[in-house]
Amino acid sequence: MITVDQIRFTYDGRITLDDITFRAEPGSTVGLIGPNGSGKSTLLRLIYRALRPAAGSVVIDHKPVDQLRGRELAGRLAVVAQEAAPDTPVTVAETVLLGRSPWVGAFQGYSRADRIAAATALEHVGARALAERRFATLSGGERQRVLIARALAQRADHLLLDEPTNHLDIRYQHELLSLVRGLTATTTIVVLHELNLAARYCDRLVLLDGGRVAAAGTVAEVLTPDILEPVYGIPVRRTSAFGAIQLLFGPADEPAVPMSGDTAATAQTTLPALDRSNDDQQRRGDVPRSDRAPASPTSRTANAPTAGEHEIARADSPSPDPREAATR
178 MITVDQIRFT
188 YDGRITLDDI
198 TFRAEPGSTV
208 GLIGPNGSGK
218 STLLRLIYRA
228 LRPAAGSVVI
238 DHKPVDQLRG
248 RELAGRLAVV
258 AQEAAPDTPV
268 TVAETVLLGR
278 SPWVGAFQGY
288 SRADRIAAAT
298 ALEHVGARAL
308 AERRFATLSG
318 GERQRVLIAR
328 ALAQRADHLL
338 LDEPTNHLDI
348 RYQHELLSLV
358 RGLTATTTIV
368 VLHELNLAAR
378 YCDRLVLLDG
388 GRVAAAGTVA
398 EVLTPDILEP
408 VYGIPVRRTS
418 AFGAIQLLFG
428 PADEPAVPMS
438 GDTAATAQTT
448 LPALDRSNDD
458 QQRRGDVPRS
468 DRAPASPTSR
478 TANAPTAGEH
488 EIARADSPSP
498 DPREAATR
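Structure (structure tokens):
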């Protein structure tokens with residue numbers, strides 16, 4: 178569990194984050210969303226101690242993060258920051274093995290157990306075939322999978338990801354977040370720009386605007402036109418498609434005209450109708466299986482936040498995770 182309590186951060190004497198409070202329950206996936214410059218990445222860096230707050234605290238499993246040192250911090254928290262290809266000619270296997278570094282002594286090499294942990298992590302993200310490739314030669318989607326594998330090899334209980342879908346095409350965005358969503362033994366906080374991805378793959382959301390929490394709660398509670406339009410400054414319509422909330426956006430100068438009953442019904446049925454047509458084409462052999470849209474996850478509910486605090490909770494039953502049985 179990660180608890181963020183009344184965090185304030187200042188930069189050059191200016192308050193950039195103020196009174197940020199929320200909680201990520203064990204096994205949940207929490208999305209940090211908001212416009213550019215709202216403080217999402219800064220907040221994430223405060224959580225993993227790359228920055229120090231001017232006030233407030235971050236607590237991981239009931240212990241303040243600033244009291245965690247070395248292996249204790251590595252055992253609780255893994256980070257996938259916005260990546261850049263390394264200049265050194267390291268292989269994928271070597272990159273993932275770096276996730277075991279916190280557990281290796283100063284004058285020790287990687288053990289057989291470390292190499293097994295790295296190989297298992299690569300297998301889990303579907304990247305075993307990339308093991309001998311140079312990391313710098315990988316595509317964006319492949320790199321992100323490898324970086325997540327490195328985090329999994331660390332075998333921490335909490336995972337932080339900063340805009341992991343940047344520069345990925347639509348298919349890889351869904352594949353990557355589906356992978357993250359499947360880590361049911363891991364508490365995950367992820368920074369996302371794409372609200373429709375947040376709607377599909379997160380349990381709860383924290384919406385930042387101007388360095389403050391504009392809204393926090395379930396996906397259905399946060400992703401409403403009344404909340405989003407003042408924050409983003411554009412018209413927003415909410416419908417559903419493929420089993421999840423779907424948002425439609427208009428230009429900033431577009432007048433906010435409510436959907437009529439017929440228009441709303443059309444918006445809610447058009448995409449599923451196209452999906453059924455795609456199924457018909459597939460049965461005729463016109464469309465390869467790899468082109469099908471990703472299956473929608475099961476819907477989830479979450480507990481309401483307690484007074485004065487935004488609880489981040491997952492209510493669905495967790496499925497087994499390969500790392501639960503691992504020995505630290």
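Numbering-wise (our numbering), the sequence shown opens with residue 178 and increments by one.
Even glycine gets a Cβ: it sits at the ideal position worked out from N, Cα and C.
- A296 and R322 have their C-alpha atoms spaced approximately 13 Å apart.
- Judged by pairs of C-beta atoms under 8 Å, the segment 301-320 does not touch the segment 247-257, as fewer than three such pairs exist.
- DSSP, reduced to helix, strand and coil, places V235 within a strand of the structure shown.
- Here DSSP, grouped into helix, strand and coil, assigns R226 to coil.
- Under the 8 Å Cβ criterion, the segment 286-302 does not count as touching the segment 213-227, having fewer than three qualifying pairs.
- In this structure, the beta-carbon distance from V383 to L338 does not fall below 7 Å.
- According to the DSSP secondary-structure assignment, K240 is paired through a beta bridge with I237.
- Note that the segment 264-278 does not touch the segment 344-363; fewer than 3 beta-carbon pairs, one per stretch, sit closer than 8 Å.
- When beta bridges are read from the DSSP output, D403 appears opposite no residue.
- Within the same chain, and ignoring the five residues on either side of G388 in sequence, the residues whose Cβ sits closer than 6 Å to its Cβ are T193, L194, D195 and G216.
- In the same chain as T272, and ignoring 5 residues on each side of it, the C-beta atoms closer than 7 Å to its own belong to F312, V323 and R327, in chain order.
- Here Y378 is buried, its C-beta having at least 16 other C-beta atoms within 10 Å.
- Boundaries of the beta strand (DSSP E) around Q183: I179 to Y188.
- In this structure, the alpha-carbon of S316 lies about 21 Å from that of H370.
- Taking 8 Å as the upper bound for CB-CB distance, P230 and F199 are not in contact here, some 14 Å apart.
- Scanning H335, T363 and A397 for the CA closest to the CA of E249 turns up H335.
- Rounded to whole angstroms, I293 and A308 show a C-alpha spacing of 13 Å.
- Straight-line spacing of the CA atoms in T364 and T206 works out to 6 Å.
- Residue ranges of uninterrupted alpha helix (DSSP H) with 4 or more members, entirely inside the segment 300-346 and ordered along the chain, are 317-331.
- A distance below 7 Å separates the beta carbons of T395 and R381.
- Listed as beta-bridge partners of V267 by DSSP are no residues whatsoever.
- L356 is positioned such that its CB atom lies no closer than 7 Å to that of A376.
- Taking V408 as the centre and dropping the five residues before and after it, the same chain places the C-beta of D386 and A391 closer than 6 Å to its C-beta, in chain order.
- With a threshold of 16 other beta carbon atoms within 10 Å, P428 falls short and is exposed.
- Rounded to the nearest angstrom, the gap between the Cα atoms of R332 and G204 is 14 Å.
- By the 16-neighbour rule on beta-carbons within 10 angstroms, A270 is buried.
- For the 7 Å CB-CB criterion, G233 and I179 do not form a contact.
- When DSSP states are grouped into helix, strand and coil, R415 belongs to the strand group.
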